[in-house]
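Enquirer: Going by this note's numbering, 137 is the number at position 137 of the sequence shown; the sequence numbering is gapless.
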Amino acid sequence: MMKNRNFVIIGASGGIGTQLVADLNDIHCNLLLGYHNEIPNIDYPIVRSAPVECQSFESVMSFIEDCKNEVEHIDGIVSLPGSILLKPPHFISEDDFNNVINVNLKSAFGVVRAAGKLLENCSIVCLSTAVTALGLANHEMIVAAKAGIESMVKSASITYSSKSLRFNAVAPGLVDTPLSERITKNPKALEISLKMHSIGRVGTAKDISSMIMFLLNPDNNWITGQTFRVDGGLSSTKTP
Numbered sequence: 001m002m003k004n005r006n007f008v009i010i011g012a013s014g015g016i017g018t019q020l021v022a023d024l025n026d027i028h029c030n031l032l033l034g035y036h037n038e039i040p041n042i043d044y045p046i047v048r049s050a051p052v053e054c055q056s057f058e059s060v061m062s063f064i065e066d067c068k069n070e071v072e073h074i075d076g077i078v079s080l081p082g083s084i085l086l087k088p089p090h091f092i093s094e095d096d097f098n099n100v101i102n103v104n105l106k107s108a109f110g111v112v113r114a115a116g117k118l119l120e121n122c123s124i125v126c127l128s129t130a131v132t133a134l135g136l137a138n139h140e141m142i143v144a145a146k147a148g149i150e151s152m153v154k155s156a157s158i159t160y161s162s163k164s165l166r167f168n169a170v171a172p173g174l175v176d177t178p179l180s181e182r183i184t185k186n187p188k189a190l191e192i193s194l195k196m197h198s199i200g201r202v203g204t205a206k207d208i209s210s211m212i213m214f215l216l217n218p219d220n221n222w223i224t225g226q227t228f229r230v231d232g233g234l235s236s237t238k239t240p
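1) DSSP on residue 199, reduced to helix/strand/coil?
2) Suppose you measure from the CA of residue 51 to the CA of residue 196; what does that come to, to the nearest Å?
3) Taking the alpha carbon of residue 75 as the point to measure from, which residue in 19, 189, 153 and 24 has its own alpha carbon closest?
4) In three-state DSSP terms, what is residue 132?
5) Would you give the residue range spanned by the alpha helix (DSSP H) that residue 99 belongs to?
6) Taking Cβ positions, are residue 125 and residue 212 nearer each other than 8 Å?
7) Going by alpha carbons, who is nearest to residue 96 out of 160, 113 and 140?
8) Residue 150 to residue 11, Cα distance in whole Å?
9) Considering only residues of the segment 185-238, which uninterrupted beta strand (DSSP E) runs meet the minimum length of 3 residues and lie entirely inside it, listed in chain order?
10) Using the rule of at least 16 other Cβ atoms within 10 Å of the residue's Cβ for burial, across every protein chain shown, is residue 137 buried or exposed?
11) According to DSSP, simplified to helix, strand and coil, what is residue 33?
12) With respect to the alpha helix (DSSP H) encompassing residue 21, which residues constitute its N-terminal and C-terminal limits?
13) Would you call the CB atoms of residue 148 and residue 175 closer than 8 Å?
14) Going by the beta-carbon positions, is the gap between residue 80 and residue 9 smaller than 8 Å?
15) At the level of alpha carbons, what is the spacing between residue 228 and residue 217?
16) Determine the extent of the alpha helix (DSSP H) in which residue 47 is found, giving its start and end residues.
17) Starting from residue 62 and walking both ways along the alpha helix (DSSP H), at which residues does that stretch end?
18) Can you tell me whether residue 35 is buried or exposed, with buried defined as 16 or more other CB within 10 angstroms of its CB?
19) Helix, strand or coil, according to DSSP, for residue 125 in the structure here?
20) Tell me the DSSP secondary structure of residue 116 in three-state form.
21) Here's the rule I'm using: 16 or more other beta-carbon atoms within 10 Å means buried, otherwise exposed. How should residue 91 be labelled?
22) May I ask which residues mark the beginning and end of the alpha helix (DSSP H) holding residue 157?
23) Checking 8 Å against the spacing of the C-beta atoms, do residue 230 and residue 170 come in under that value?
24) Please state whether DSSP places residue 178 in a helix, a strand or coil.
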C-alpha cells in the first residue's frame with residue numbers, strides 16, 4: 001500500500017529525516033523533501049528538493065503548494081524540525097524562548113495550517129518528545145513547545161476530519177542523532193539517560209522512522225489525534 005505514494009518530508013536532512021527518507025525510498029515511495037540549510041545527502045532520485053524556512057508560514061505554505069502541483073496527490077506530510085535546549089527557566093532569555101517555540105511549535109503549526117488549507121485524505125505526522133509525559137529538571141522550555149504539538153494534533157484531527165486529514169505525533173525518548181550529541185557523547189549524561197530507559201539503550205533514528213511510516217501507511221487510517229511515545233520505556237516505566 002505504500003509503493004508509489006507521495007510523501008512530503010520537512011526537515012529531511014536531520015538524523016531522523018535522513019533515516020526516514022532512506023526507509024521510504026526502500027519501499028519505492030515518491031519523495032518531496034524540504035530542508036533548512038543542509039541539502040539532504042542522498043544518491044537516489046526524488047521528485048522535489050527545496051529549501052524551506054520552517055518558521056515561516058508563507059515558506060511552508062508555498063513549499064507544500066508547489067509539492068501539490070508537482071504530484072497528483074500528497075499522501076502524507078512529516079514535520080521534523082526540532083531543537084534541544086535544557087536550562088532552568090531563569091537562564092532562558094526571551095530570544096531563547098522565541099527560538100525554541102518557533103523551531104518546534106510554529107514549524108509544526110505551519111504544516112498543520114497548510115495541510116488544512118490545501119490537502120485532503122492525507123496523514124500528517126509531527127514530532128514531539130517523550131518527556132512531555134514526565135517532570136524532568138531543566139526541560140521546561142522544550143516541553144512547553146512540544147506539549148503544544150500534542151494538543152494541536154488532537155484539535156486538528158477534529159477540525160479537519162471532514163477532509164479526511166489525520167494528525168498524529170511521535171514522541172521519542174533519547175535518540176542517537178547529531179541533535180542529541182551533547183548528551184550521547186557525554187559519558188556521565190549518557191549513563192544517567194540509559195538508566196532512565198528501561199530497555200537499556202538509546203533509541204535509533206530507525207526506531208522513530210518505523211513508527212512514522214506506520215502512521216503514514218493508509219492501511220492505518222483509523223488512527224488520528226494520538227501521540228505515540230517511542231522511548232524505550234522512559235515515559236511509562238520506573239527503573240530500579
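Quick reminder that beta carbons are idealized off the backbone N, C-alpha and C, glycines included. This one's a predicted model, so the numbers in the text were calculated from it and none came from an experiment.
Expert: This is what the structure holds:
1) Working through the sequence shown from its first residue, we reach residue 199 at position 199. Correct three-state label for residue 199: coil.
2) Stepping through the sequence shown from its first residue, residue 51 is reached at position 51. Stepping through the sequence shown from its first residue, residue 196 is reached at position 196. For residue 51 and residue 196, the gap between their C-alpha atoms comes out near 37 Å.
3) As a position in the sequence shown, residue 75 is number 75, starting the count at 1. Closest option to residue 75, judged by alpha-carbon separation, among 19, 189, 153 and 24: 24.
4) Start at 1 with the first residue of the sequence shown, and residue 132 comes out as number 132. Residue state, collapsed to three classes: helix.
5) Numbered from its first residue, the sequence shown carries residue 99 at position 99. 94-100 is the extent of the alpha helix (DSSP H) around residue 99.
6) Position 125 of the sequence shown holds residue 125. Position 212 of the sequence shown holds residue 212. At the C-beta level, residue 125 and residue 212 come within 8 Å of one another.
7) Translated into the one-based positions of the sequence shown, residue 96 becomes position 96. Here the closest residue by C-alpha is 140.
8) Taking the first residue of the sequence shown as 1, we reach residue 150 at position 150. Taking the first residue of the sequence shown as 1, we reach residue 11 at position 11. Computed Cα separation, rounded: 19 Å.
9) Considered as a whole, the segment 185-238 harbours 226-230 as its complete beta strand (DSSP E) runs of no fewer than 3 residues, in chain order.
10) Counting from one through the sequence shown, the residue named residue 137 turns up at place 137. That one is exposed.
11) On the sequence shown, residue 33 is found 33 positions in, with the first residue counted as 1. Looking at residue 33 - three-state DSSP - the assignment turns out to be strand.
12) Counting from 1 along the sequence shown, the entry for residue 21 is found at position 21. Going by DSSP, residue 21 is part of the alpha helix (DSSP H) stretching over 15-26.
13) Reading the sequence shown from its first residue, position 148 is the one you call residue 148. Reading the sequence shown from its first residue, position 175 is the one you call residue 175. Not closer than 8 Å, so no.
14) Taking the first residue of the sequence shown as position 1, residue 80 is located at position 80. Taking the first residue of the sequence shown as position 1, residue 9 is located at position 9. Yes, these two residues count as a Cβ contact at 8 Å.
15) Numbered from 1 along the sequence shown, position 228 holds the residue referred to as residue 228. Numbered from 1 along the sequence shown, position 217 holds the residue referred to as residue 217. Residue 228 and residue 217 have their C-alpha atoms spaced approximately 15 Å apart.
16) Counting from one through the sequence shown, the residue named residue 47 turns up at place 47. Unbroken run through residue 47: none, as it is neither H nor E.
17) Sequence index remark: in the sequence shown, residue 62 carries index 62 (1-based). Residues 57-70.
18) Sequence index remark: in the sequence shown, residue 35 carries index 35 (1-based). Label assigned to residue 35: buried.
19) Numbered from its first residue, the sequence shown carries residue 125 at position 125. When DSSP states are grouped into helix, strand and coil, residue 125 belongs to the strand group.
20) Sequence index remark: in the sequence shown, residue 116 carries index 116 (1-based). Residue 116: helix per DSSP, three-state reduction.
21) For the purposes of this step, residue 91 is identified with residue 91 of the sequence shown, where counting begins at 1. Answer is exposed; the Cβ neighbour count stays below 16.
22) Residue 157 sits at position 157 when you count from the first residue of the sequence shown. Residue range 140-159 is occupied by the alpha helix (DSSP H) that includes residue 157.
23) Stepping through the sequence shown from its first residue, residue 230 is reached at position 230. Stepping through the sequence shown from its first residue, residue 170 is reached at position 170. In this structure, residue 230 sits near residue 170, with a CB-CB distance shorter than 8 Å.
24) Taking the sequence shown and counting its residues from 1, the one referred to as residue 178 is at position 178. Residue 178: helix per DSSP, three-state reduction.
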